[in-house]
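Contents: one structure, followed by commentary.
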Amino acid sequence: MLLKLDIKEIHVKLIAVVMCLIGIILFAIAPFLGKRQMESAIRKNQIHKICSVNSQEIDWKLIVLHHSATEEGNAAKFDDYHRNKRKWQHGLAYHFVIGNGTLSRDGGIEVGPRWKRQIHGAHAGKMKINKIAIGICLVGNFETTGGPTEQQQDSLFHLVLYLCKKYNIPIDKVVSHKQLLKSNTSCPGKNFPMEAFKHRLAKTLNEQGLI
Ligand SMILES: [Zn+2]
1206 MLLKLDIKEI HVKLIAVVMC LIGIILFAIA PFLGKRQMES AIRKNQIHKI CSVNSQEIDW
1266 KLIVLHHSAT EEGNAAKFDD YHRNKRKWQH GLAYHFVIGN GTLSRDGGIE VGPRWKRQIH
1326 GAHAGKMKIN KIAIGICLVG NFETTGGPTE QQQDSLFHLV LYLCKKYNIP IDKVVSHKQL
1386 LKSNTSCPGK NFPMEAFKHR LAKTLNEQGL I
């Protein structure tokens, strides 16, 4: 009787130890297992927050991609230039600026006051287009140096995907600055991977049954 009880007790203890071990192992590897999903979930949440506005939303029809044509920069620096040198009343011409790790975080998305206030940009050349076009600028010169960083491309992808879905903007209305003007700009530079970017966008929208 005593022996039987002991064996039972040993079994219970063994099971407890094994359960503990499994728990510890799962706890240790969980961050690696779920990392990708967690990252994109966080990014989705962040972009939703970033894109929140303070006034009535414009019915945006177009997304225009730019580079800053400078090696470094951030929203504050471009705002200062547009406001004080170009004398544009509303400052920063773009709605969003994506940093390259120089004066802001690599891949960090900065939101301009024009977005928060939902007013036209000053990036597309013509007011008629500025009134319906969301302007996104990536810091860097993709004409004379390399292309955007991985982080910049990833943030741009998630931002554009979100905006396309939110405003029902079709993929052929995501354009580069030079596509729009068809003239004297190379913006966002020959090293900006437009084709690959749009391919990734189309693939994701397709997978989600949106095109
Ligand atoms: Zn441009």
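Under our numbering, think of the first position of the sequence shown as 1206, with each following residue one higher. Every residue gets a Cβ at the ideal spot worked out from N, C-alpha and C, and that includes glycine.
Euclidean distance between Cα positions of residue i and residue j
i, j, result
"Lys-1371", "Lys-1403", "17 angstroms"
"Met-1399", "Gly-1352", "10 angstroms"
"Ser-1391", "Leu-1385", "11 angstroms"
"Ala-1327", "Asn-1335", "6 angstroms"
"Ile-1314", "Ile-1303", "5 angstroms"
"Asp-1311", "Gln-1357", "6 angstroms"
"Thr-1349", "Pro-1393", "11 angstroms"
"Asn-1346", "Ser-1260", "33 angstroms"
"Ile-1416", "Lys-1292", "41 angstroms"
"Ala-1329", "Asp-1285", "19 angstroms"
"Thr-1307", "Val-1365", "22 angstroms"
"Met-1332", "Ile-1324", "11 angstroms"
"Ile-1337", "Lys-1378", "11 angstroms"
"Ser-1309", "Asp-1264", "29 angstroms"
"Ile-1374", "Leu-1368", "7 angstroms"
"Ser-1381", "Lys-1395", "11 angstroms"
"Glu-1276", "Lys-1290", "19 angstroms"
"Leu-1361", "Ile-1339", "13 angstroms"
Neighbour-count burial assignment, residue i, 16 or more Cβ in a 10 Å radius
i, result
"Lys-1383", "buried"
"Asn-1305", "buried"
"Val-1258", "exposed"
"Ala-1401", "exposed"
"His-1300", "buried"
"His-1418", "Residue 1418 lies beyond the residue range present for the chain, which begins at 1206 and ends at 1416; the question has no answer from this structure."
"Arg-1322", "exposed"
Supposed close pair residue i, residue j - CB separation, criterion 8 angstroms
i, j, result
"His-1253", "Ile-1341", "Actually they are not in contact, since the Cβ atoms of His-1253 and Ile-1341 sit about 17 angstroms apart, beyond 8 angstroms."
"Ala-1280", "Leu-1267", "In fact, because the Cβ distance is near 21 angstroms, the residues do not count as touching under 8 angstroms."
"Val-1344", "Gly-1278", "5 angstroms"
Which of helix, strand or coil DSSP assigns to residue i
i, result
"Leu-1368", "helix"
"Ser-1391", "coil"
Problem set entry | Length-filtered (3 minimum) beta strand (DSSP E) runs lying within the stretch 1250-1312 | Every unbroken stretch of the beta strand (DSSP E) spanning 3 or more residues and falling wholly within the stretch 1250-1312 is given here in chain order: 1267-1272, 1301-1303.
For this session: Counting only runs of 3+ residues fully inside the stretch 1308-1342, write out the beta strand (DSSP E) ranges in chain order.
Result: Taking 3 residues as the minimum length, the beta strand (DSSP E) runs contained wholly in the stretch 1308-1342 are 1314-1316, in order along the chain.
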